[in-house]
Amino acid sequence: MLHRGRESTDGTGDGELTVPMAWLYAEYIADELLRSGDLMPPTSFEFRAGRDALALTVFLSDTEGELSGIRVITQLETWLSLTAYDQPWQEWVRGRLAELAGEAAAAGREVPDPDLELAREAWRWLRETELLAPDLNAVPGGAAGGEDEGPKVWTPAWQLGLPLGHLAIHLF
């Protein structure tokens, strides 16, 4: 996705296109993790939910602002712990987004950070989009037939994407 910014990639502000490299790299890592797990078709909304949830995790956990290729392997345990079932992932995401926005405001940046804008957009999509998923709280044995015939419930995309991303990290 192109971002029409006023700064160049080096922040000189000479009117060139700003490339959101940190977000694009996080999205690439998430995409590769999901594809290697072969859990969902890459064209499905579930895949997008998993990719966006993982990309947010990767992007927001990079506190040094420079996730190099070699550090990806060392970060897998961190990402596993952040995406674990018993963790308040959504509160962590909201907190980190607010923290990054506060840092940008404190630095007096006039132009929005394109990486942060794409992360916010991914979070908005994950929160506001609902996907039809199996109702895991349904009474066992209450439905006859196959998996596709069981009870379904509309679920925020992040609630479906997060466990998918967690499983993809495990399978990697």
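For what it's worth, the numbering used here labels the leading residue of the sequence shown as 12, then goes sequentially.
Positions of the beta carbon are idealized from the N, C-alpha and C atoms, including for glycine.
Remember, predicted model here, so these are calculated numbers, not experimental data.
According to DSSP, residue i sits in a beta bridge with which residue or residues?
i, result
"residue 141", "167"
Relative to the alpha-carbon of residue i, which residue among the options has its alpha-carbon at the smallest distance?
i, options, result
"residue 36", "53, 122 and 70", "70"
"residue 177", "100, 74 and 30", "100"
"residue 28", "138, 171, 126 and 169", "126"
"residue 136", "122, 114, 48 and 169", "169"
"residue 140", "167, 48 and 87", "167"
"residue 83", "31, 58 and 38", "38"
"residue 31", "131, 58 and 102", "131"
Would you report the Cα separation of residue i and residue j, rounded to the nearest angstrom?
i, j, result
"residue 124", "residue 117", "13 Å"
"residue 129", "residue 34", "7 Å"
"residue 106", "residue 162", "34 Å"
"residue 41", "residue 119", "31 Å"
"residue 165", "residue 173", "15 Å"
"residue 155", "residue 145", "Note that residue 155 scores a pLDDT of 49, beneath 50, so its modelled location is shaky and nothing firm can be said."
"residue 56", "residue 142", "8 Å"
"residue 54", "residue 171", "15 Å"
"residue 97", "residue 91", "11 Å"
"residue 183", "residue 52", "17 Å"
"residue 121", "residue 114", "12 Å"
"residue 49", "residue 75", "30 Å"
"residue 110", "residue 46", "31 Å"
"residue 108", "residue 58", "23 Å"
"residue 181", "residue 87", "9 Å"
"residue 102", "residue 138", "12 Å"
What is the C-beta distance between residue i and residue j, in whole angstroms, given that I count them as a contact (C-beta under 8 Å)?
i, j, result
"residue 175", "residue 95", "Not confirmed; about 13 Å, so no contact."
"residue 72", "residue 89", "6 Å"
Beta-carbon separation of residue i and residue j under 7 Å?
i, j, result
"residue 104", "residue 65", "no"
"residue 133", "residue 63", "yes"
"residue 44", "residue 179", "yes"
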